[in-house]
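Contents: one structure, followed by commentary.
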Amino acid sequence: MTIIVCIKQVPARESHLRPAGGWVEEADLSYEINEPDAFALEEGLRLKEQHGGETVVLSAGPARVVQTIREALAKGADRAIHLEHENPRAFSPLETARFMADAIAGEKPDLVLTGLQSDDLGYGHTGVILAELLGLPHATIVMQVEVRDGALRVKRELEGGWFQHVEMPLPALLTIQSGIGALRYATLMGIKKARTKEIRRVPLEAGPGDAGFQVERVSLPARSKATRLFDGSPQEAAAQLVEKLKFEARVL
Amino acid sequence: MPPFRGVDFLSVDSQFSEDELLVRQTARQFVDERVIPLMRDSFREGRFPSELIGEMARLGFLGANLEGYGCAGMSSVEYGLIMQELERGDSGIRSFVSVQGALVMYPILTFGSEEQKQRWLPSLQSGKAVGCFGLTEPGFGSNPAGMRTTAKPDGGGWILNGEKSWITNGTMADVAVVWARTPEGIQGFLVEKGTPGYTSSDIHGKWSMRASVTSSLAFADCRIPEASALPGAKGLRAALMCLTQARYGIGWGVLGAAMDCFETARQYSLVRKQFDDRPIASHQLVQEKLAWMITEISKGQLLALHVGRLKDRGRADHAHVSMLKRNNVAMALECARLSRDLLGANGITDEYPVMRHLCNLETVKTYEGTDHIHALVIGERVTGVAAYR
Chain A
138 MTIIVCIKQV PARESHLRPA GGWVEEADLS YEINEPDAFA LEEGLRLKEQ
188 HGGETVVLSA GPARVVQTIR EALAKGADRA IHLEHENPRA FSPLETARFM
238 ADAIAGEKPD LVLTGLQSDD LGYGHTGVIL AELLGLPHAT IVMQVEVRDG
288 ALRVKRELEG GWFQHVEMPL PALLTIQSGI GALRYATLMG IKKARTKEIR
338 RVPLEAGPGD AGFQVERVSL PARSKATRLF DGSPQEAAAQ LVEKLKFEAR
388 VL
Chain B
137 MPPFRGVDFL SVDSQFSEDE LLVRQTARQF VDERVIPLMR DSFREGRFPS
187 ELIGEMARLG FLGANLEGYG CAGMSSVEYG LIMQELERGD SGIRSFVSVQ
237 GALVMYPILT FGSEEQKQRW LPSLQSGKAV GCFGLTEPGF GSNPAGMRTT
287 AKPDGGGWIL NGEKSWITNG TMADVAVVWA RTPEGIQGFL VEKGTPGYTS
337 SDIHGKWSMR ASVTSSLAFA DCRIPEASAL PGAKGLRAAL MCLTQARYGI
387 GWGVLGAAMD CFETARQYSL VRKQFDDRPI ASHQLVQEKL AWMITEISKG
437 QLLALHVGRL KDRGRADHAH VSMLKRNNVA MALECARLSR DLLGANGITD
487 EYPVMRHLCN LETVKTYEGT DHIHALVIGE RVTGVAAYR
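Heads up: the protein sequence lines correspond to chains A and B, in order. Residue numbers for the first sequence, in our numbering: 138 to 389. Residue numbers for the second sequence, in our numbering: 137 to 525.
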């Protein structure tokens with residue numbers, strides 16, 4: 138199997154975020170692999186170990202994303218494609234998916250894996266648009282993948298603790314949910330081996346071509362705190378509290 | 137507990153290569169996920185968590201900076217970063233890896249015959265075998281040249297007699313690198329577990345390094361074959377070369393312990409409130425302690441990195457390593473004491489890692505060349521006069 142895993146480098150979760158000009162102050166950031174993408178990579182490596190073939194990672198971004206690409210190679214990906222652009226954030230999900238589809242098309246993949254969404258922009262669109270552009274069937278929020286007799290059986294996460302089991306043909310695209318398997322560490326030998334693995338660089342010359350898409354501003358969630366006192370006897374107050382927790386806060 | 141995000145006041149990270157950062161990330165995640173959750177109970181029970189050996193071996197931590205025989209061939213800086221993260225977990229875990237790599241695999245690789253290398257290095261690298269290093273004796277610590285253990289040539293073999301003490305991994309070890317006096321001078325030998333006349337027992341009652349095995353080795357007319365001598369390990373200099381490797385790793389390792397203490401105290405000071413419902417981080421005396429710690433840790437990082445770069449260029453000598461070990465251990469110990477102070481009464485419990493690091497670092501100050509001896513090594517370098525001879 139040829140398995141393509143699309144990975145994105147995002148600001149690390151503990152980064153200090155300061156909104157600045159349509160994005161956040163980059164000088165404050167450290168970066169890491171997008172969490173669901175790390176699980177997509179894990180699944181891609183696991184399937185390769187089970188069924189043979191090749192795992193190829195694809196990532197778009199400036200020079201710094203090579204660090205994330207190297208991490209994937211060190212964990213066991215065979216080679217990588219780097220879509221080079223200073224600021225892929227300027228692209229709409231459709232444009233990003235177009236660039237990715239162009240880069241992938243020649244690879245004739247049996248399976249394309251992405252994380253279900255990115256931790257920074259969180260569109261959750263790029264994977265499914267990519268499937269459409271590649272002409273592949275897709276399934277989203279995948280919790281389990283089984284390849285059997287040249288076809289896929291996947292488990293999808295639905296709302297409220299429900300799951301859906303789907304059988305689908307190959308080739309296909311799946312967007313992977315975090316937690317699908319235990320993440321492996323990059324071994325020291327793997328890190329050393331990764332030094333000689335191929336990273337194909339594909340410069341993205343095109344500027345933004347989707348005039349309908351523009352990020353106006355980003356802001357931190359406003360913090361609000363409201364205090365409510367319940368009147369009545371302890372029993373009545375408790376009943377009111379349970380009601381609020383159930384239907385307003387929805388934590389019960 | 138959130139994952140550890142590093143202590144990096146001076147942007148020292150900007151001096152590391154992509155590969156060095158990746159190596160640190162592997163060690164860091166391993167320590168967060170596998171080591172730290174075990175340490176409180178391991179330390180309490182006085183147990184070395186041997187269940188970690190297999191995974192540390194698979195990741196390549198054992199003999200990480202050595203070349204060949206399955207070893208990962210990491211640079212000195214990459215090796216140092218692994219030690220830093222391991223000791224952030226616990227000095228006992230770092231000690232295990234130090235001894236296995238720097239004091240057992242290194243001498244076998246450097247001084248051993250091809251047969252000895254083939255026999256031991258792959259199994260030591262993969263954690264299937266454990267090693268220990270027997271130099272110190274009950275009466276000879278800082279002055280190993282006075283050792284009493286003897287190896288007498290006897291019809292194509294050797295007969296060992298004597299006792300070694302304070303030996304990390306001693307009773308766990310499948311093979312011991314033992315230093316003994318022969319008619320021609322001091323010589324290193326490989327002694328296998330189970331050789332008649334070779335026994336070992338653990339030292340109990342430790343308040344420090346409780347998650348590490350510390351033992352005594354005894355040799356009573358222990359007969360070993362001629363081929364057990366390490367051909368190149370002649371003279372005390374060979375033993376000291378091994379110690380320079382291990383001390384280098386300690387200089388990095390204790391940075392990890394210091395970072396854990398600093399970060400614990402910093403976070404604690406932000407949530408602990410005292411006087412007018414203000415966090416103690418807002419008090420000047422608390423900030424002074426945190427400022428001292430982060431300054432000294434930052435200087436220690438730069439010292440370790442510089443000696444590491446020198447070592448990778450073949451330009452580090454043992455006096456540089458003495459400065460690294462002595463400075464960083466003393467700094468880490470002081471960070472542990474200050475952090476304990478900032479945590480108040482909570483600091484003495486094992487709910488926090490600070491007292492565990494503090495107790496461990498008292499050992500680290502003494503072993504692998506005491507603070508005093510390293511001062512004299514540096515003193516000899518700048519005066520040309522050896523005070524300990």
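C-beta: ideal position from N, C-alpha, C; glycine also.
If we count the other Cβ atoms within 10 Å of its Cβ and call it buried at 16 or more, is residue i buried or exposed?
i                      : result
residue 463 of chain B : buried
residue 402 of chain A : Residue 402 of chain A falls outside the range modelled here, since chain A spans only 138 to 389, and no answer is possible.
residue 295 of chain A : exposed
residue 181 of chain A : buried
residue 372 of chain A : exposed
residue 384 of chain A : exposed
residue 84 of chain B  : In the structure displayed, chain B extends from 137 to 525; residue 84 of chain B sits before or after that span and is not available.
residue 247 of chain B : buried
residue 173 of chain A : buried
residue 374 of chain A : exposed
residue 159 of chain B : buried
residue 484 of chain B : exposed
What are the boundary residues of the alpha helix (DSSP H) that residue i is part of?
i                      : result
residue 188 of chain A : 172–188
residue 266 of chain A : 263–271
residue 496 of chain B : 490–502
residue 190 of chain B : 189–195
residue 392 of chain B : 372–407
residue 358 of chain A : Note, residue 358 of chain A: premise wrong, no alpha helix (DSSP H); not H, not E.
residue 301 of chain B : Segment 293–304 is the beta strand (DSSP E) holding residue 301 of chain B; no alpha helix (DSSP H) there.
residue 247 of chain B : 242–247
residue 175 of chain B : 172–181
residue 510 of chain B : 507–519
residue 252 of chain B : 250–261
residue 141 of chain A : Looking at the DSSP string, residue 141 of chain A is not in any alpha helix (DSSP H); the run it does join, the beta strand (DSSP E), is 139–143.
residue 194 of chain A : First-last for residue 194 of chain A: 191–198, but that is the beta strand (DSSP E), not the alpha helix (DSSP H).
Which residue from the options puts its Cα closest to that of residue i?
i                      : options                    : result
residue 533 of chain B : B:209, B:399, B:508        : For chain B, the structure presents residues 137 to 525; residue 533 of chain B sits outside this window and is missing.
residue 257 of chain B : B:337, B:313, B:280, B:272 : B:313
residue 271 of chain A : A:220, A:212, A:237        : A:237
residue 354 of chain A : A:144, A:139, A:328, A:161 : A:161
residue 490 of chain B : B:432, B:227, B:248        : B:227
residue 471 of chain B : B:498, B:485, B:448        : B:498
residue 323 of chain A : A:196, A:172, A:208, A:197 : A:208
residue 232 of chain B : B:347, B:155, B:248        : B:347
residue 153 of chain B : B:179, B:204, B:214        : B:214
residue 196 of chain B : A:387, A:145, A:328, A:337 : A:328
residue 169 of chain B : A:319, A:360, A:376, A:352 : A:319
residue 352 of chain A : A:240, A:159, A:359        : A:159
residue 280 of chain A : A:307, A:313, A:378, A:242 : A:313
For the beta strand (DSSP E) containing residue i, name the first residue and the last one.
i                      : result
residue 284 of chain A : 275–285
residue 313 of chain A : 309–313
residue 126 of chain B : Given a span of 137 to 525 for chain B in the structure shown, any question on residue 126 of chain B remains unanswerable.
residue 312 of chain B : 311–318
residue 292 of chain A : 288–294
residue 306 of chain A : 300–306
residue 357 of chain B : 350–361
residue 381 of chain A : Premise fails: residue 381 of chain A lies in the alpha helix (DSSP H), 371–384, not in any beta strand (DSSP E).
Cutting at 6 Å between CB atoms, please list the residues of its own chain near residue i, excluding the five before and the five after it.
i                      : result
residue 362 of chain A : none
residue 326 of chain B : 311, 364
residue 285 of chain B : 298, 316
residue 223 of chain A : 199
Going along the chain, which residues of its own chain have a beta-carbon closer than 8 Å to the beta-carbon of residue i, five neighbours each way excluded?
i                      : result
residue 214 of chain A : 142, 178, 181, 182, 192, 193, 194, 334
residue 439 of chain B : 387, 459, 460, 463, 464
residue 188 of chain A : 138, 284
residue 341 of chain A : 197, 220, 221, 222, 225, 236
Ignore the nearest five residues each way along the sequence and tell me which others in residue i's own chain have a CB closer than 7 Å to its CB.
i                      : result
residue 478 of chain B : 401, 404, 405, 422, 425
residue 257 of chain A : 147, 148
residue 165 of chain A : 152, 153, 155
residue 357 of chain B : 295, 297, 333
residue 242 of chain B : 202, 378, 381
residue 287 of chain A : 307
Selection of the stretch 162–174 of chain B by Cβ proximity to chain A, strictly under 7 Å: 162, 165, 166
Positions along the stretch 176–195 of chain B whose CB lies within less than 8 Å of some CB in chain A: Those residues of the stretch 176–195 of chain B that come within reach of chain A (Cβ to Cβ, closer than 8 Å) are 194, 195.
Residues in the stretch 188–216 of chain A having any Cβ partner in chain B nearer than 9 Å: Against chain B - using a Cβ distance shorter than 9 Å - the residues of the stretch 188–216 of chain A are 203, 204, 207, 208, 211.
Residues of the stretch 312–339 of chain A with Cβ closer than 9 Å to any Cβ of chain B, in chain order: 320, 322, 323, 324, 325, 326, 327, 328, 329, 331, 332
Residues within the stretch 143–174 of chain A neighbouring chain B, beta-carbon criterion of under 8 Å: Listed by position along the chain: 149, 151, 167.
Short-range partners of chain A found in the stretch 199–227 of chain B, where Cβ spacing is below 7 Å: 200, 208, 209, 210
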